[in-house]
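2 protein chains.
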Amino acid sequence: MKVIVYGLGEMGKRMAERILASDALDLVGAIDIDPQKVGRDVGELLGRSPIGVTVEDNAEKVLTDHPGAFVVHTTVSQLEKAAPQILQILETGHSGVSTTEELSYPWVRHPDLARKLDTVAKERQRTFVGTGVNPGFLMDYFPAVVAALSSGIQSITVRRYVNASLRRKPLQAKIGSGLTPMEFKRLFDEGKMGHVGLVESAQLLARLLQWEIKDLKETCDPIVANETVQTEFFKVEPGFVRGMRHQVKAVDTRGRTIHLDLLMALDHPEQYDEVEIEGTPPVRVRFPEGVHGDMATVNVTLSVLRRVPDLPPGLLNMADLPLPIPV
Amino acid sequence: MKVIVYGLGEMGKRMAERILASDALDLVGAIDIDPQKVGRDVGELLGRSPIGVTVEDNAEKVLTDHPGAFVVHTTVSQLEKAAPQILQILETGHSGVSTTEELSYPWVRHPDLARKLDTVAKERQRTFVGTGVNPGFLMDYFPAVVAALSSGIQSITVRRYVNASLRRKPLQAKIGSGLTPMEFKRLFDEGKMGHVGLVESAQLLARLLQWEIKDLKETCDPIVANETVQTEFFKVEPGFVRGMRHQVKAVDTRGRTIHLDLLMALDHPEQYDEVEIEGTPPVRVRFPEGVHGDMATVNVTLSVLRRVPDLPPGLLNMADLPLPIPV
Chain A
2 MKVIVYGLGE MGKRMAERIL ASDALDLVGA IDIDPQKVGR DVGELLGRSP IGVTVEDNAE
62 KVLTDHPGAF VVHTTVSQLE KAAPQILQIL ETGHSGVSTT EELSYPWVRH PDLARKLDTV
122 AKERQRTFVG TGVNPGFLMD YFPAVVAALS SGIQSITVRR YVNASLRRKP LQAKIGSGLT
182 PMEFKRLFDE GKMGHVGLVE SAQLLARLLQ WEIKDLKETC DPIVANETVQ TEFFKVEPGF
242 VRGMRHQVKA VDTRGRTIHL DLLMALDHPE QYDEVEIEGT PPVRVRFPEG VHGDMATVNV
302 TLSVLRRVPD LPPGLLNMAD LPLPIPV
Chain B
2 MKVIVYGLGE MGKRMAERIL ASDALDLVGA IDIDPQKVGR DVGELLGRSP IGVTVEDNAE
62 KVLTDHPGAF VVHTTVSQLE KAAPQILQIL ETGHSGVSTT EELSYPWVRH PDLARKLDTV
122 AKERQRTFVG TGVNPGFLMD YFPAVVAALS SGIQSITVRR YVNASLRRKP LQAKIGSGLT
182 PMEFKRLFDE GKMGHVGLVE SAQLLARLLQ WEIKDLKETC DPIVANETVQ TEFFKVEPGF
242 VRGMRHQVKA VDTRGRTIHL DLLMALDHPE QYDEVEIEGT PPVRVRFPEG VHGDMATVNV
302 TLSVLRRVPD LPPGLLNMAD LPLPIPV
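So the protein lines, in turn, are chains A and B.
Letter 212 of the first sequence, counting from 1, is numbered 213 in our numbering, and no numbers are missing.
Letter 277 of the second sequence, counting from 1, is numbered 278 in our numbering, and no numbers are missing.
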């Protein structure tokens, strides 16, 4: 499969690395608007020898230069910002995948945009899938897979506990490291703090279970340092924020509950992913070492990309496809 | 969905129980040839009040009496024995699912039979899916889901360790409890011992990963009691068999390996299911309490059944469908 990477931020660069390492995928184009990147060879940008693919800022040109290539889109979290890019991808005749968090299940928060993208994809007979690891896999798709082992399910709880000290700077910043608890709460209220996509995960999981959500509550609380925390990027004094606990509790029309519990904090002693199902029988499954979000996002996204040629046209999500195919 | 249960052995009875408990499924017919069961009300057979559905031995009649009903087929492990029943199901116009172990991936061991069933299903525009928990989920489908989190995978190991003392009599018998090690080995060589479907699991997992198996080795060793083991059904003296360890090691054309390790033994101290992937990154996931096979088989099978109306016609397996929908 010929592949164009659309967006060469931290995630896009990792996508490019993995595509270059894969026999199944062939990198043919790269799009980014960052003046520091435009005009450079992708190999060079990754700190390796040139590969003959140059980063270009003219998306239209790259897309039309490579008919038949599939697009890996990884630019922004918000669908409103991503939609014009995705429309262009579809209108130039390409199928692809995107890590735009709000695209993992866009039908509740952005029904009009979702319908528009779906219509254009169908008109052009192209397939576009919103995916990623969180949202898109760990707190929605994976629990839905595990749920098949149980029946008469009353509740599904998904815990993702991450020691953010082991992660890169943008993640440490995103969880509010170094803020005062007041600043943290204000930013969350303004929609500038918290994990984009947690609500979408609950909606996608409900869709996969064929539950209809009646009520959904979202909370995001700062985790405050009791002693000084020092990472490569941040020094957090006692009383300041070292992380966040973002939760969604959804109840369906029959009283069944989905509880997503995402805790990411510097120096957090526990790191694991876990699904716990109350049903017949109860089921519990755990990744005892956790799942590395960045690497897993790249892998899931490219695994889904490999499935795209088999899929019907339209704007799809993880509820619509047979299993991803590992790269 | 209207449902006919075809086969009312231990598994079929559990299917009927779960169907009766589900709002999404409606039991309308029951087929079994056991004279002890024929003519009895299914509810009564389950030790509850009558439900107005009688067990009948005339499959043709039950099938033609309920056009539009979906069939849950659970009679035998071997496809050669199951095939005439499945043909009749398809020819009377029904779609359905089956727990016949060899149907979980029939294309290697029984390519002609698989092709025949697939052809008839397509002619009749009906869908029939081979499924179950093992084979069909725990040692094939589930590891393939987890594999999407990794990349450049070199090996996948799946361990299923079951303390058979906690399970029903047929399972305790199936693992060779009370035999001499010599008898055990002779029976395995005659194809009468070991877990039916372990090879199919490896083939299904390879199919899901899009790996091509080059070499496959199957071993089945008795686990011998060092001290007397006593269960509700068996007393095993030292030197006699208390269980088995059935393994498949498959290597693909690029040297990547699948290792399935199924250990079921009386008084076994460890009970868990685990997937371990060597790749980038390595991934490990575990059901710390294990997964109850009988209950999970019922749940997975009925979850797959709920997906059947969305699927294209043909003889399908777990590689062909979006996620099951829990009952």
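Glycine is no exception: its CB is placed at the ideal position from the N, C-alpha and C atoms.
Straight across, the Cα-Cα distance linking R187/A with R308/B is about 44 Å. Proximity of the segment 65-80 of chain A to the segment 6-21 of chain A meets the contact definition, three or more beta-carbon pairs being nearer than 8 Å. Just measuring C-alpha positions, the residue of G48/A, R49/A, E81/A, P36/A sitting nearest N59/A is P36/A. The count of Cβ pairs closer than 8 Å, one atom from the segment 193-209 of chain B and one from the segment 290-301 of chain B, stays below three, leaving the stretches out of contact. The continuous alpha helix (DSSP H) containing L88/A extends over residues 80-92. Assigned with DSSP and collapsed to three states, A31/A falls in strand. At least one CB of chain A lies nearer than 9 Å to the CB of L303/B. With a threshold of 9 Å between beta carbons, Y7/A makes no contact with chain B. Here M183/B is exposed. Its C-beta has fewer than 16 other C-beta atoms within 10 Å. Within the same chain, and ignoring the five residues on either side of G131/B in sequence, the residues whose Cβ sits closer than 6 Å to its Cβ are S99, L104, S105, N318.
Counting C-beta atoms within 10 angstroms of its own C-beta, K215/A has fewer than 16 neighbours from the protein chains shown and is therefore classed as exposed. Taking a C-beta distance under 9 Å as the contact criterion, R125/A and D262/A do not qualify as a contact pair. The beta-carbon of A83/A is placed no less than 9 Å from the nearest beta-carbon of chain B. Counting of Cβ neighbours within 10 angstroms places S50/B among the exposed residues, the total staying below 16.
Taking the Cα of T258/B as reference, the smallest distance to any Cα among I157/B, F143/B, M16/B, A31/B is reached at I157/B.
For Q211/B, the nearest beta carbon of chain A is closer than 9 Å to its own beta carbon.
In this structure, the beta-carbon distance from E290/A to R169/A does not fall below 9 Å.
For M296/B, the chain A residues whose C-beta falls within less than 9 Å of its own C-beta are L150, S151, S152, T281, P282, listed in chain order. Beta bridge pairing from DSSP links K193/B with no other residue. Considering only G315/A, A320/A, L316/A, V305/A, the residue with the shortest C-alpha distance to L26/A is V305/A.
Distances from the alpha-carbon of L114/A to those of A320/A, G315/A, L324/A put G315/A closest. Contact check for G244/A against S202/A fails: the beta carbons are separated by 9 Å or more. Between P144/B and L206/B a beta carbon distance of about 6 Å is seen, short of the 8 Å cut, so the two are scored as contacting. In the three-state reduction of the DSSP assignment, L264/B falls in the strand class, which pools E and B. Within chain A, no residue has its beta carbon less than 8 Å from that of F234/B; the closest one is some 22 Å off.
Residue environment analysis places D33/B among the buried positions, since at least 16 neighbouring C-beta atoms fall within 10 angstroms of its C-beta.
Secondary structure at E238/A: coil, using DSSP grouped into helix, strand and coil. Only residues of its own chain outside the window of five on either side were considered, and among them G280, T281 have a CB closer than 7 Å to the CB of S152/B, listed in chain order. Comparing alpha-carbon positions, the option among Y273/A, I90/A, T128/A, V43/A lying closest to R285/B turns out to be Y273/A. Closest by C-alpha distance to K14/B, out of L180/B, L322/B, L324/B, N300/B, is N300/B. Cβ neighbours of L150/B within its own chain (closer than 6 Å, five residues either side excluded): V284. Secondary structure of S23/A (DSSP, three-state): coil. In the structure shown, the three-state DSSP call for G244/A is strand.
Within chain B, no C-beta atom comes less than 8 Å from the C-beta of A174/A; the nearest is roughly 23 Å away. By the rule that beta-carbons nearer than 9 Å mark a contact, I326/B touches chain A.
Burial check for A226/A: the Cβ neighbour count within 10 Å reaches 16 or more, so the residue is buried.
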